[in-house]
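In this note's numbering, the protein residues as written are 29 to 384. Heads up, the beta-carbon is just placed ideally off N, CA and C, and yes, glycines get one too. All figures in this text were calculated on a predicted structure; none of them were measured in a lab. Beneath this line is the structure, given in structure tokens, with notes to follow.
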């Protein structure tokens with residue numbers, strides 16, 4: 029089968045490899061339809077291995093070279109004899125966190141944060157940038173007829189965004205600031221609207237990306253965080269100018285985190301989603317004196333999968349609107365990875381049509 033395999037930094041190859049063997053009793057084999065290129069994939073391409081296993085992973089036994097891709101949809105091509113919830117031909121999206129059975133965090137419904145977790149497309153042999161992938165049935169979510177394959181490929185980042193808003197404990201009618209207009213930031217703004225936010229402000233320093241976001245007409249206020257009046261723009265319309273109820277930091281940027289702490293109201297919540305290259309400095313005195321809750325969000329619990337699918341099916345969220353590019357397997361490196369690696373690019377989400 030055709031697959032995009034990571035070997036080392038700047039060494040991603042379209043190769044012919046053996047497809048997955050017959051599934052284990054609890055596994056399914058998915059014929060991949062579409063796969064998103066995630067920011068994590070780009071980081072691996074430029075500077076990896078970061079999350080990619082270089083030694084056999086304790087859970088999966090996989091190590092580089094391996095097939096990238098953890099945002100994908102497809103159809104079930106084969107099921108193990110112990111699979112009871114799915115059948116061949118079912119259209120599905122995938123949950124990328126692979127867990128050890130009986131793990132403490134799995135037992136408590138939060139297996140995605142376990143320190144023993146492996147990730148499809150990073151520490152497993154078969155990710156979504158190959159024609160076939162193999163996963164446990166617990167890592168599969170069925171797609172209803174009203175959800176397209178492209179929407180299904182965006183289930184994973186949409187679920188990450190929904191979990192971030194869940195972590196912020198947003199009340200209907202509340203106000204939200206999202207810093208960083210990458211895919212997760214834009215989807216977090218979308219999830220905030222779906223949760224009943226009355227006002228959503230998205231800050232983005234990259235002018236090309238601001239223009240791209242404005243062209244999508246998603247209904248958010250889009251602001252430049254480097255503007256001298258940035259604080260006034262955010263605070264002005266809030267109740268008594270006190271600040272937003274929830275701030276969601278999706279840039280992995282120290283200044284953006286400082287903006288969140290400064291512009292959230294006293295007693296509000298800051299949700300840290302973005303990943304930092306270096307440990308950030310945090311004004312703990314301001315955080316404490318404002319009684320701000322600083323929480324974090326990583327991935328998503330498996331339990332919210334059906335809810336996110338239903339949100340997509342009902343049109344409460346429209347993740348497909350962030351698709352700004354489509355490529356085939358043949359041109360995924362040149363028109364996908366190399367394009368997304370440019371610092372001046374303005375794409376939000378590029379999808380690979382794996383089955384094309």
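Starting from the Cα of residue 40, find the closest Cα among 50, 59, 71, 55 and give me that residue.
The residue with the shortest Cα to Cα distance from residue 40 is 71.
Here's the rule I'm using: 16 or more other beta-carbon atoms within 10 Å means buried, otherwise exposed. How should residue 312 be labelled?
It counts as exposed.
Rounded to whole angstroms, how far is the Cβ of residue 92 from the Cβ of residue 133, which I believe are closer than 8 Å?
Not a contact, Cβ separation roughly 26 Å.
Does the count of Cβ pairs from the stretch 178-185 and the stretch 346-357 closer than 8 Å reach three?
At 8 Å Cβ cutoff, the stretches touch.
Alpha carbon to alpha carbon, how far is residue 90 from residue 362?
About 26 Å.
Closest to residue 276 by C-alpha separation, out of 351, 152, 254, 195, would be which residue?
Restricting attention to 351, 152, 254, 195, the CA atom closest to the CA of residue 276 is found in 195.
Once the 5 residues before and after residue 69 are set aside, which same chain residues still bring their CB inside 6 Å of it?
96.
For residue 66, does the three-state DSSP call read helix, strand or coil?
Coil at residue 66, not helix or strand.
Cβ pair residue 227, residue 374 closer than 8 Å:
Contact annotation: residue 227 and residue 374 have beta-carbon atoms that are not nearer than 8 Å.
For residue 273, does the three-state DSSP call read helix, strand or coil?
In the three-state DSSP reduction, residue 273 falls in the strand class (E or B).
Candidates 198, 342, 103: which alpha carbon is nearest residue 156's?
With distances taken between CA atoms, residue 156 lies nearest to 103 out of 198, 342, 103.
Where the beta strand (DSSP E) through residue 230 begins and ends:
From DSSP, the beta strand (DSSP E) with residue 230 extends over 227-231.
Buried or exposed by the 16-neighbour rule on C-beta atoms within 10 Å, applied to residue 232:
A buried status is given to residue 232, since no fewer than 16 other beta-carbon atoms sit within 10 Å of its beta-carbon.
Where does residue 127 land, buried or exposed, given buried means 16+ other C-beta within 10 angstroms?
The Cβ neighbour count for residue 127, taken over all protein chains shown within 10 Å, is at least 16; the residue is labelled buried.
Is it the case that the Cβ atoms of residue 116 and residue 107 are separated by a distance below 8 Å?
Yes, they are a contact pair.
Identity of the residues DSSP links to residue 60 by a beta bridge:
Residue 60 pairs with 102.
First through last residue of the beta strand (DSSP E) which encompasses residue 185
Taken as a continuous stretch (DSSP letters only), residue 185 belongs to no beta strand (DSSP E), being part of the alpha helix (DSSP H) at 183-196.
Short check: CB of residue 225 to CB of residue 203, under 8 Å?
Closer than 8 Å, so yes.
Given a cut-off of 8 Å on the beta-carbon distance, is the pair residue 146 and residue 88 in contact?
Cβ distance < 8 Å, so residue 146 and residue 88 count as in contact.
Can you list, in chain order, the residues of its chain with a C-beta nearer than 6 Å to that of residue 175? Leave out the 5 residues immediately preceding and following it.
Setting aside the 5 residues that flank it on each side, residue 175 is surrounded in the same chain by 340, 341, each with a C-beta closer than 6 Å to its C-beta; the list follows chain order.
Between which two residues does the alpha helix (DSSP H) harbouring residue 36 extend?
Residue 36 -> not in any alpha helix (DSSP H); beta strand (DSSP E) instead, spanning 30-36.
Just how far apart, CA to CA, sit residue 245 and residue 210?
Cα to Cα, the separation comes out at about 15 Å.
CA-to-CA distance, residue 82 to residue 279, given in whole angstroms
Rounded to whole angstroms, the separation of the alpha carbons of residue 82 and residue 279 is 27 Å.
Beta-carbon contacts of residue 28 that lie in its chain and below 8 Å, excluding the five residues immediately before and after:
Limits of the chain in this structure are 29 at one end and 384 at the other, which puts residue 28 out of reach.
Are residue 60 and residue 382 closer than 8 Å when you measure CB to CB?
Residue 60 places its beta carbon less than 8 Å from that of residue 382.
To which residues of the same chain is residue 76 closer than 8 Å at the C-beta, ignoring the five residues directly before and after it?
Excluding five sequence positions before and after residue 76, the CB atoms of its chain that fall closer than 8 Å to its own CB belong to 34, 36, 37, given in chain order.
Unbroken alpha helix (DSSP H) runs of length 4 or more, entirely within the stretch 247-299: which are they?
Taking only runs of at least 4 residues, the alpha helix (DSSP H) segments lying wholly in the stretch 247-299 are 258-263, 282-291.
Mind checking whether residue 198 and residue 216 have CB atoms under 8 Å apart?
The answer is no: Cβ separation not under 8 Å.
Pairwise C-alpha distance: residue 150 and residue 366
Each residue's Cα considered, the two are about 19 Å apart.
Within the same chain, show all residues whose beta-carbon is closer than 6 Å to that of residue 236, passing over the 5 residues directly before and after it, in chain order.
Excluding sequence neighbours, residue 236 sits near 374.
Would residue 309 be called buried (16 or more neighbouring beta carbons within 10 Å of its own) or exposed?
Result: exposed.
Assuming contact is defined by CB atoms lying nearer than 8 Å, are residue 105 and residue 58 in contact in what I supplied?
A distance below 8 Å separates the beta carbons of residue 105 and residue 58.
Since I believe residue 263 is in contact with residue 291 (beta carbons under 8 Å), could you give me their beta-carbon distance rounded to a whole number of angstroms?
For a cut-off of 8 Å, the C-beta gap from residue 291 to residue 263 is around 6 Å, short enough to register as a contact.
Candidates 205, 298, 287, 159: which alpha carbon is nearest residue 357's?
Nearest C-alpha to residue 357: 159.
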